[in-house]
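Below is one structure, written out as structure tokens; comments come after it.
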Ligand code: NDP
């Protein structure tokens, strides 16, 4: 594959201005420009969305996200189109976000901000606040995101347990379970943080049985993908008190529909799939793309290759 023209698709503006990335890559040999709709002469594209027209033009697609569940992997394989992703860059941003949400729920920060809006000077109920110190968090998925969460949770004194397919010892975790022992891994946790990719194996991974197994004072944090959690079962579990609360960055349908009961639950924090938002995001993507352009020149394997 030879890349003469690298397009930056306008859809990356979901995360950063496309021009910023184009400028950061301007010194590379390929011509770099912002593109939308017309891909004549474009050999490779960096994108947020999938446009089916890519398939008739480009040889390489780079997604600015870690998740690649929106791309037609079989079709890409058939057409010999390379797909690379942006895993590896979200450990700090999503790690801090997830720990921030846990801190908010434990220390009642969200409640104080809500009361500030109403100019109310009032303590939370005496028995609502608690400290994260010594509480168990089970992190389901121990890749970039999961290890980013584990490291920070360990740093503030939480007892970190993990779940991954390969039960290898992982830094900052006390114990690592395989997915077949998921219920055992989550039954004692005060927080369950979901950080797996969305695959056929993880769709609905957390559902009614898992919420039933969780402690009644437990919270679910989902920073992965909406469908990894059975959202109806989650709403039922929250409404019936089977678990206490949740911090949700991702949903089965995004934006979260106006009539979702999740919007108005006191102990549910809703954010707009923004856990990875970071002013340096475009620089991190530029580093991966630059590395791969250089690898192509040197006829070396691409990093973060998915297909
Ligand atoms: P990685 O590939 O680095 O890590 C994935 C982890 O999930 C691995 O530890 C893997 O196990 C584990 N895993 C895979 N399948 C299962 C399973 N069936 N049960 C338990 N664990 C499993 O990915 P990232 O950490 O970079 O990203 C993870 C996902 O998070 C992305 O795919 C994306 O969907 C989402 N994401 C969301 C963001 C947001 O803004 N909210 C931002 C970035 C990512 P093993 O180590 O054994 O292979």
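Numbering (our numbering), first residue to last: 12 to 318.
Every residue gets a Cβ at the ideal spot worked out from N, C-alpha and C, and that includes glycine.
Just so we're clear, the structure is a prediction, and the values are computed from it rather than from any experiment.
**Asked** Is residue 279 near residue 257, with beta carbons less than 8 Å apart?
**Response** The count along the chain shown starts at 1 and reaches residue 279 at position 268. The count along the chain shown starts at 1 and reaches residue 257 at position 246. In this structure, residue 257 lies closer than 8 Å to residue 279 by Cβ.
**Message:** Using 8 Å as the threshold, is the C-beta distance between residue 99 and residue 303 below it?
**Reply:** The residue labelled residue 99 in the question sits at position 88 within the chain shown. The residue labelled residue 303 in the question sits at position 292 within the chain shown. For residue 99 and residue 303, no; Cβs fall outside 8 Å.
**Prompt:** By the 10 Å Cβ neighbour count, where 16 or more other Cβ atoms means buried, how is residue 299 classified, buried or exposed?
**Reply:** Counting from 1 along the chain shown, the entry for residue 299 is found at position 288. Result: buried.
**Request:** Can you grab the Cα-Cα spacing for the pair residue 41 / residue 313, in whole Å?
**Result:** Against the chain shown, residue 41 aligns to sequence position 30. Against the chain shown, residue 313 aligns to sequence position 302. Rounded to the nearest whole angstrom, the C-alpha separation of residue 41 and residue 313 is 17 Å.
**Prompt:** CA-CA distance, residue 135 and residue 277?
**Reply:** One-based indexing of the chain shown puts residue 135 at position 124. One-based indexing of the chain shown puts residue 277 at position 266. The alpha-carbon of residue 135 is positioned some 12 Å away from that of residue 277.
**Request:** Run the proximity test for residue 213: is its beta-carbon closer than 7 Å to any non-hydrogen atom belonging to the ligand NDP?
**Result:** On the chain shown, position 202 is the one that residue 213 refers to. Under cutoff, so the answer is yes.
**Request:** Report yes if the CB atom of residue 39 is closer than 8 Å to the CB atom of residue 294, and no otherwise.
**Result:** Position 28 of the chain shown, counted from the start, is the residue given in the question as residue 39. Position 283 of the chain shown, counted from the start, is the residue given in the question as residue 294. Between residue 39 and residue 294, the C-beta spacing is not below 8 Å.
**Request:** Enumerate, from N- to C-terminal direction, the unbroken beta strand (DSSP E) stretches of 3 or more residues contained entirely within the stretch 147-224.
**Result:** Entirely contained in the stretch 147-224, the beta strand (DSSP E) runs reaching 3 residues are, in chain order, 147-151, 170-174, 186-188, 202-205.
**Request:** Using the Cα positions of residue 144 and residue 167, report the straight-line distance between them to the nearest angstrom.
**Result:** Sequence index remark: in the chain shown, residue 144 carries index 133 (1-based). Sequence index remark: in the chain shown, residue 167 carries index 156 (1-based). If I take the Cα positions, the gap works out to 6 Å.
**Request:** Run the CB neighbour count on residue 71, radius 10 Å, all protein chains shown included, and call it buried at 16 or more, exposed below.
**Result:** For the purposes of this step, residue 71 is identified with residue 60 of the chain shown, where counting begins at 1. By the neighbour-count rule (16 or more Cβ atoms within 10 Å), residue 71 is buried.
**Prompt:** Using DSSP with H/G/I as helix, E/B as strand and the rest coil, what is residue 124?
**Reply:** For the purposes of this step, residue 124 is taken as the residue at position 113 of the chain shown. Residue state for residue 124 is assigned as helix, using DSSP reduced to three classes.
**Asked** Can you give the Cα-Cα distance for residue 164 and residue 226, rounded to whole angstroms?
**Response** Within the chain shown, numbered from 1, the residue matching residue 164 stands at position 153. Within the chain shown, numbered from 1, the residue matching residue 226 stands at position 215. Whole-angstrom Cα-Cα distance: 19 Å.
**Prompt:** In chain order, what residues of the same chain lie with their CB nearer than 6 Å to the CB of residue 205, ignoring the 5 residues before and after it?
**Reply:** In the chain shown, the residue the question calls residue 205 occupies position 194. Within the same chain, and ignoring the five residues on either side of residue 205 in sequence, the residues whose Cβ sits closer than 6 Å to its Cβ are 151, 233, 235, 239.
**Prompt:** In the DSSP assignment, what residue or residues form a beta bridge with residue 230?
**Reply:** Reading the chain shown from its first residue, position 219 is the one you call residue 230. Per the DSSP secondary-structure output, residue 230 pairs in a beta bridge with 202, 256.
**Message:** My assumption, with CB atoms under 8 Å, is that residue 53 sits in contact with residue 16. Please give the rounded CB distance.
**Reply:** Taking the chain shown and counting its residues from 1, the one referred to as residue 53 is at position 42. Taking the chain shown and counting its residues from 1, the one referred to as residue 16 is at position 5. Residue 53 to residue 16, Cβ: 5 Å. Contact.
**Under 8 Å between C-beta atoms of residue 203 and residue 185** = One-based indexing of the chain shown puts residue 203 at position 192. One-based indexing of the chain shown puts residue 185 at position 174. With contacts defined by Cβ atoms closer than 8 Å, residue 203 and residue 185 do not form a contacting pair.
**Neighbourhood of residue 117 by C-beta distance below 6 Å, restricted to the same chain and skipping five residues each side** = Locating residue 117 in the chain shown gives position 106, counting from the first residue. Cβ within range, chain order: 141, 143.
**Prompt:** Quick one: what's got a C-beta closer than 7 Å to residue 35's C-beta in the same chain, skipping five residues either side?
**Reply:** Locating residue 35 in the chain shown gives position 24, where the first residue counts as 1. 293, 294, 297, listed in sequence order.
**Asked** Can you find a heavy atom of the ligand NDP that lies under 7 Å from the Cβ of residue 260?
**Response** In the chain shown, counting from the first residue as 1, residue 260 sits at position 249. Yes - the ligand NDP has a heavy atom lying nearer than 7 Å to the Cβ of residue 260.
**Closer than 7 Å: residue 238 CB and nearest the ligand NDP heavy atom** = Counted from its first residue, the chain shown places residue 238 at position 227. Checking every heavy atom of the ligand NDP against the Cβ of residue 238, none is found closer than 7 Å.
**Request:** Could you name the residues that DSSP lists as bridge partners for residue 281?
**Result:** Walking along the chain shown from the start, residue 281 turns up at place 270. Beta-bridge partners assigned by DSSP to residue 281: 259.
**Request:** Please classify residue 138: is it buried, with 16 or more other beta-carbons within 10 angstroms of its beta-carbon, or exposed?
**Result:** By one-based count along the chain shown, residue 138 stands at place 127. Exposed, by the Cβ-count rule.
**Asked** With 16 other CB atoms within 10 Å as the buried threshold, where does residue 89 fall?
**Response** By 1-based counting over the chain shown, the position of residue 89 is 78. Exposed is the label assigned to residue 89, since fewer than 16 other Cβ atoms lie within 10 Å of its Cβ.
**Request:** Check each candidate in 243, 127, 223 and name the one with the smallest Cα separation from residue 254.
**Result:** The residue you call residue 254 lines up with position 243 of the chain shown. Distance check between residue 254 and each of 243, 127, 223 places 223 closest, using alpha-carbon atoms only.
**Inter-residue Cα distance where the pair is residue 217 and residue 241** = To locate residue 217, count along the chain shown from 1; it is residue 206. To locate residue 241, count along the chain shown from 1; it is residue 230. In a straight line, the C-alpha of residue 217 is about 6 Å away from that of residue 241.
**Item:** Alpha-carbon spacing of residue 74 relative to residue 190, whole angstroms
**Value:** Position 63 of the chain shown, counting from 1, holds the residue named residue 74. Position 179 of the chain shown, counting from 1, holds the residue named residue 190. The straight-line gap from Cα to Cα measures roughly 27 Å.
**Asked** Can you tell me whether residue 311 is buried or exposed, with buried defined as 16 or more other CB within 10 angstroms of its CB?
**Response** Translated into positions along the chain shown, residue 311 becomes position 300. Exposed.
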